[in-house]
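Student: Below is the structure I would like to discuss, written out as structure tokens.
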Amino acid sequence: MASQVPFLYSLHHRDSLDLFVHGLLPLCHGEHHPYSHLYRQLTLQIVPVMPTALVDRAKIPYEDRERWVSILLICEATVAFICCPIFGYLIDVAPTRKLPYLLGLILLGASMLILCLARTIGFFVIARLLQGSATAMVVVAGLALLTDSVPFENLGQTVGYLGSAVTLGFLLGPLLGGLVYRVAGYQPVFAMAFAIVGLDLVMRFAVIEKRVAKRWMALSQDDADNDNETNNDDNPSESSTPQPETTENEVTIIPKHSRKPTLLLLIQQPRILISSWGLLVHGMIYAAFDATIPIFVESHFNWTPLGAGLTFLPSSMTALFEPYFGKLTDSITPHPIATTTFLLLPIPLSMLALSTNPTSTHITLLMINLTLTGLLVNIATPALYLETQRVLDTMERREPGIFGPRGAVAQAFGIQTMAQFLGLSLGPLAGFVEGRFGWGVVVVGLGVVCAVTGVVVGVGLRGDACCGSSRFGNGDGDGDDGERERLLAGD
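Numbering-wise, UniProt numbering puts 469 at position 469 of the sequence shown, and it's gapless, one number per residue.
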């Protein structure tokens with residue numbers, strides 16, 4: 001028994017929230033948000049480099065570079081959009097979340113290798129398609145791992161930590177890519193990516209899921225109990241009749257044949273659809289900026305890829321405060337936060353239309369409004385994710401076992417991630433709009449979409465978490481026998 005102590009001590013720390021969050025944070029820089037991981041930085045490192053790389057390496061005509069940048073972004077986001085609900089289901093039914101997560105990382109590394117060596121447009125397309133599937137796997141699995149590992153009352157703040165890493169990846173990736181490209185060239189841009197993937201694989205193996213840790217600890221306890229029974233075999237006075245084991249918070253699981261498909265149950269909830277729409281709009285904003293800003297500053301301000309990358313820096317800094325925004329969401333609920341931010345977003349977005357000349361005033365105005373846009377998006381992000389988890393929690397409490405023994409956490413995140421990837425698929429169309437109608441039409445159009453979304457969020461998320469009264473309406477926070485508690489118990 002003494003030999004088990006070091007193992008259990010190590011197990012306690014390897015399944016701790018501290019290791020989990022610090023292990024997951026590095027992954028949060030990848031290509032797309034709703035939230036994922038370091039993969040955002042990996043793939044966005046090429047954003048400021050891509051126009052030049054397509055011309056120099058793939059021999060694309062200079063005048064077609066903007067169109068092909070948009071096509072590549074759309075390819076990746078579309079594949080991720082298709083894969084998200086599929087991977088969400090597979091992750092929910094998989095024995096552990098870690099295996100799909102690791103598979104996504106391996107696919108991501110392979111896609112970066114293809115992109116590093118590509119010299120034809122076909123290989124560029126293949127690499128971006130592979131990145132899309134890897135991104136979907138990593139995002140959904142990572143968020144499901146996180147939700148399994150934290151108390152619900154702290155979920156908003158923890159999502160904020162991940163959101164900081166994700167959004168920094170969205171915005172710092174182009175900065176790092178432009179800087180490294182200018183100093184060392186094309187190939188070294190991917191050296192960082194391979195190093196990060198390798199480090200993250202190590203961190204993935206270091207993290208042990210809560211459900212796996214509890215199973216191992218239960219097995220250790222069973223071994224100890226068996227030893228005690230062996231020592232008591234010579235004592236016939238003790239009853240050997242097995243007693244039924246009961247738990248205070250026993251949950252009855254609805255038989256599978258009598259349950260609706262989980263995905264159908266989720267998309268029937270208006271609040272899930274509304275919060276997913278909000279994430280779709282966020283994806284549109286990010287992708288529109290990715291597709292237009294590098295070429296806009298090159299053509300209007302005569303900036304290099306490094307300058308294009310630096311353009312993303314001010315708004316990326318606001319992501320550092322996302323944990324505080326998540327904590328605020330935990331305190332006052334998602335509705336007022338999401339509504340206010342969407343109603344304010346049209347102001348800085350529309351003001352971006354005023355920055356058209358290479359003067360210090362216009363450049364300063366561009367940076368200020370990009371910063372305000374990033375700030376408002378980062379404030380709203382934890383609220384939108386938390387809203388869907390509140391709906392799941394309420395549905396499970398009203399009808400325990402409605403989602404089966406594995407729950408629906410990954411599938412819910414799959415819907416939200418799918419929505420954001422749809423936004424990331426639509427956002428690059430801004431490149432075509434800018435080429436035909438100009439920069440002003442792009443940013444003002446995004447402002448109008450945000451204004452409409454603010455009204456929809458304000459009306460649709462008002463009231464209870466799920467079609468009626470719930471503990472979230474009064475914040476009492478009682479009751480812990482829902483889906484998330486079964487997951488933490490390793491059932």
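No residue lacks a Cβ here, since even glycine has one placed at the ideal position from N, Cα and C.
What residue does the alpha helix (DSSP H) around glycine 301 start on, and which one ends it?
Tutor: It should be noted that the sequence gives phenylalanine, not glycine, for residue 301. Element bounds for phenylalanine 301: 270 to 301.
Student: To the nearest angstrom, how far is the alpha carbon of alanine 53 from that of leucine 115?
Tutor: Cα to Cα, alanine 53 sits roughly 10 Å from leucine 115.
Student: Where do the ends of the alpha helix (DSSP H) carrying proline 188 lie?
Tutor: Note, proline 188: alpha helix (DSSP H), 186 to 206.
Student: Exposed or buried, which one is arginine 119 when buried takes at least 16 other CB atoms within 10 Å?
Tutor: Classification for arginine 119: exposed.
Student: Classify alanine 193 as buried or exposed, calling it buried when 16 or more other Cβ atoms lie within 10 Å of its own Cβ.
Tutor: Answer is buried; the Cβ neighbour count reaches 16.
Student: Is DSSP giving proline 314 helix, strand or coil here?
Tutor: Three-state DSSP puts proline 314 in a helix.
Student: If you follow the alpha helix (DSSP H) that isoleucine 402 is in, where does it begin and where does it stop?
Tutor: Taken as a continuous stretch (DSSP letters only), isoleucine 402 belongs to no alpha helix (DSSP H), as it is neither H nor E.
Student: Indicate the three-state DSSP secondary structure (helix, strand or coil) for leucine 155 in the structure shown.
Tutor: Three-state DSSP puts leucine 155 in a helix.
Student: Any contact of the region 425 to 445 with the region 282 to 292, i.e. 3+ C-beta pairs under 8 Å?
Tutor: The region 425 to 445 is in contact with the region 282 to 292.
Student: If you run the structure through DSSP and keep just helix, strand and coil, what is asparagine 378?
Tutor: Helix at asparagine 378.
Student: So what does DSSP say about threonine 356, is it helix, strand or coil?
Tutor: DSSP places threonine 356 in coil when its eight states are reduced to three.
Student: From glutamate 60 to phenylalanine 123, what distance separates their C-alpha atoms?
Tutor: It should be pointed out that residue 60 corresponds to isoleucine in this sequence rather than to glutamate. Those two C-alpha atoms are separated by around 13 Å.
Student: Hey, alanine 412 and leucine 266 are a contact pair by Cβ (cut 8 Å); roughly how many whole angstroms apart?
Tutor: Between leucine 266 and alanine 412 the Cβ distance is about 6 Å, and since that is below 8 Å, they are a contact.
Student: Checking 8 Å against the spacing of the C-beta atoms, do arginine 271 and valine 456 come in under that value?
Tutor: Going by C-beta atoms, arginine 271 is not nearer than 8 Å to valine 456.
Student: Leaving out five residues before and five after methionine 112 in sequence, what residues of the same chain have Cβ atoms less than 8 Å from its Cβ?
Tutor: Hits under 8 Å: Leu42, Thr43, Ala127, Gln131, Phe190, Ala193, Phe194 and Val197.
Student: Would you mind stating whether glycine 419 and serine 276 have Cβ atoms separated by less than 8 Å?
Tutor: Residue identity differs from the one stated: residue 419 is alanine in this sequence, not glycine. Closer than 8 Å, so yes.
Student: By the DSSP assignment, the alpha helix (DSSP H) with tyrosine 324 in it spans what residues?
Tutor: Where tyrosine 324 is concerned, the enclosing alpha helix (DSSP H) stretches over 322 to 332.
Student: Look at the alpha carbon of isoleucine 74 and the alpha carbon of isoleucine 91, and state the distance between them as a whole number of angstroms.
Tutor: C-alpha separation (whole angstroms): 25 Å.
Student: From glycine 414 to valine 49, what does the alpha carbon distance come to, in whole angstroms?
Tutor: Near 30 Å, if we compare the C-alpha coordinates of valine 49 and glycine 414.
Student: Please return the same chain residues whose Cβ sits closer than 6 Å to the Cβ of histidine 362, not counting the five positions on each side in sequence.
Tutor: Here the set comprises Ser355.
Student: Please return the same chain residues whose Cβ sits closer than 8 Å to the Cβ of proline 95, not counting the five positions on each side in sequence.
Tutor: The answer is none, since no qualifying residue turns up.
Student: Just checking my contact of alanine 141 with proline 100 at CB under 8 Å: how many whole Å lie between their CB atoms?
Tutor: Indeed, because the Cβ distance is near 5 Å, the residues count as touching under 8 Å.
Student: Reducing DSSP to helix, strand and coil, say where threonine 304 ends up.
Tutor: DSSP places threonine 304 in coil when its eight states are reduced to three.
Student: Closest by CA to alanine 136, which one among Leu179, Pro188 and Ile82?
Tutor: When each option's Cα is compared against that of alanine 136, the closest is Ile82.
Student: With distances taken from CA atoms, which of Met367, Thr381 and Gly445 is nearest alanine 308?
Tutor: It is Met367 whose Cα lies nearest to the Cα of alanine 308.
Student: Comparing alpha-carbon positions, which option in Thr340, Val448, Pro51 and Leu328 lies nearest tyrosine 186?
Tutor: It is Pro51.
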